[in-house]
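Structure (structure tokens):
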């Protein structure tokens, strides 16, 4: 008799707890949803601004009209570009015609893991600028590739597969024309190879790059 | 249950005698990770303060519904929704700060001092008192974050108050630069532990000196009267 009462009580208490928890969950969800509703447009705008800000250096002063984020092309592996992770291409249009392609690729054979590189390529196959986005190279040696540490990456400005010619795309020590970094040759070799492969990819696939439908991150 | 305390006493408790970071040593994960500069410390401090005040108020408002067997899920639910709101607001209005603090804003959820205040204080006090408790405890935590951030920035990077624009807008500001390259260790993870240890030691030293002074005064009183 008393056991039955107790059982009924505990059942009621479970229901009560569930209802309270459910109501609180609804209240909290409403709170988050409201905040999200007001914050989302601003967050979207910030993301777009941040992307444009970080791509600006490699745009080389091209006056573009398209929304960069919508021109994004994500290439899953295998994509033929350097790196063991999906590559990203941003397509830049000026006056309705293709003006440049910005590649985010990674050099897989850096001294300390992959090096993420941003490369801007004009339609004639020449480079606007190269920027290192992410690396783990040794401070004081390999980290000279960073734009904030040295001017090393400036030597790729305006370079293409014809100037210097294909055979000279290596550091001086290997018979090429590019400077190495004092005390570090693995890092520059990896980057130069990645840039060269990117230019070759662009040369071979220019039409396909600009014809493909946009594919942003899912 | 509610012992009446004056506002001054309350502040003294939150900022000094019962400081969540310095005395209770709670929330060390964000405390040690983000205090590489003053502005980071201030940003996370303010975010934590808002979460703590908000969650304290909501826990207190629903305290009559809270039952012991489901109180922890309720706290988690309340705290995580406030943290999500704060994260959204930071991304919307202070995008650079959000980027700089990164994962540590969502990680406020795991700051034990927030659950601790909900359990110890907010679930047993009125909304106003709980809000005050959240503000004061949050301020204590934020002050410690700022102090550690300023110290590590000064020693490690040789500057102070750099990039305040991340919080207050305007052009990127270098702050005050005192010397070129600082003592790098200070902004590396070990520096966080050293700085916190120094802060705790300093607080204990001050407390001890005060205690000695009080004792001296008392013995002098005894001497003169005797």
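Protein chains in written order, with this note's numbering: chain W, 1 to 218; chain G, 219 to 444. Backbone N, C-alpha and C fix where the C-beta goes; we use that ideal spot for every residue, glycine too.
| Item | Value |
| --- | --- |
| Contact with chain G by residue 8 of chain W, beta-carbon distance below 8 Å | no |
| Closest by C-alpha distance to residue 197 of chain W, when choosing among W:173, W:119, W:153, W:147 | W:119 |
| Neighbour flag for residue 35 of chain W against chain G, beta carbons, 8 Å | yes |
| Pick from G:369, G:356, G:255, G:315 that is closest to residue 380 of chain G, judged by C-alpha positions | G:255 |
| Residues near residue 65 of chain W by beta carbon distance below 8 Å, same chain, minus five either side | 93, 94, 95, 96 |
| CB contact below 8 Å: residue 292 of chain G versus chain W | yes |
| CB contact check: residue 381 of chain G to chain W, cutoff 8 Å | no |
| Within 8 Å, strictly: CB atoms of residue 329 of chain G and residue 245 of chain G | yes |
| Buried versus exposed call for residue 191 of chain G [16 or more other C-beta atoms within 10 Å across all chains shown] | Outside the modelled stretch of chain G, which goes from 219 to 444, sits residue 191 of chain G, for which no answer is possible. |
| Among G:352, G:259, G:266, nearest to residue 231 of chain G - alpha-carbon criterion | G:352 |
| The region 121-136 of chain W / the region 148-165 of chain W touching (three or more Cβ pairs under 8 Å) | yes |
| Other residues of its chain near residue 249 of chain G: CB distance less than 6 Å, five sequence neighbours each side excluded | 239 |
| Residue environment, residue 218 of chain W, which counts as buried when at least 16 other CB atoms sit within 10 Å | No answer about residue 218 of chain W holds up, because its pLDDT of 43 lies below 50 and its placement is not dependable. |
| Among G:286, G:429, G:430, G:314, the one whose alpha carbon lies nearest that of residue 389 of chain G | G:314 |
| Residues, ordered as in the chain, of the region 45-70 of chain W that lie near chain G by beta-carbon distance below 7 Å | 46, 50 |
| Three-way DSSP call (helix, strand, coil) for residue 91 of chain W in this model | strand |
| When W:142, W:103, W:77 are compared against residue 109 of chain W, the one with the closest alpha-carbon | W:142 |
| Members of the region 17-42 of chain W near chain G, C-beta cut-off 7 Å | 17, 20, 21, 24, 25, 28, 31, 32, 35, 36, 39, 42 |
| Neighbour flag for residue 218 of chain W against chain G, beta carbons, 8 Å | With a pLDDT of only 43 at residue 218 of chain W, under the threshold of 50, the placement of this residue in the model should not be trusted, and no figure is reported. |
| With 16 other Cβ atoms within 10 Å as the buried cut-off, status of residue 427 of chain G | exposed |
| Residues, ordered as in the chain, of the region 319-334 of chain G that lie near chain W by beta-carbon distance below 8 Å | none |
| Any C-beta of chain W under 8 Å from that of residue 280 of chain G | yes |
| Every unbroken beta strand (DSSP E) within the region 116-145 of chain W, with a cutoff of 3 residues, ordered by chain | 127-134 |
| Interface flag, residue 288 of chain G vs chain B, CB-CB below 8 Å | No chain B is present in this structure, whose protein chains are W and G. |
| Identity of the residue in G:273, G:259, G:242, G:272 nearest residue 365 of chain G by Cα | G:259 |
| Under 7 Å from the C-beta of residue 315 of chain G: neighbouring residues of chain W | Chain W residues near residue 315 of chain G: none, gap ~11 Å exceeds 7 Å. |
| Opposing strand residues paired with residue 215 of chain W [DSSP bridges] | W:73 |
| Residue 350 of chain G - containing alpha helix (DSSP H), residue span | 345-375 |
| From W:8, W:37, W:88, W:113, residue whose alpha carbon lies closest to that of residue 77 of chain W | W:88 |
| Where residue 104 of chain W falls, given that 16 or more other Cβ within 10 Å makes a residue buried | buried |
| Buried versus exposed, by CB contacts within 10 Å (16 or more), residue 321 of chain G | exposed |
| Sub-8 Å separation of residue 274 of chain G and residue 334 of chain G beta-carbons | no |
| Top-ranked residue by Cα proximity to residue 16 of chain W, from G:283, G:348, G:392, G:229 | G:283 |
| CA-to-CA distance, residue 411 of chain G to residue 402 of chain G, given in whole angstroms | 14 Å |
| Same chain, Cβ closer than 7 Å to residue 113 of chain W, neighbours up to 5 away in sequence not counted | 136 |
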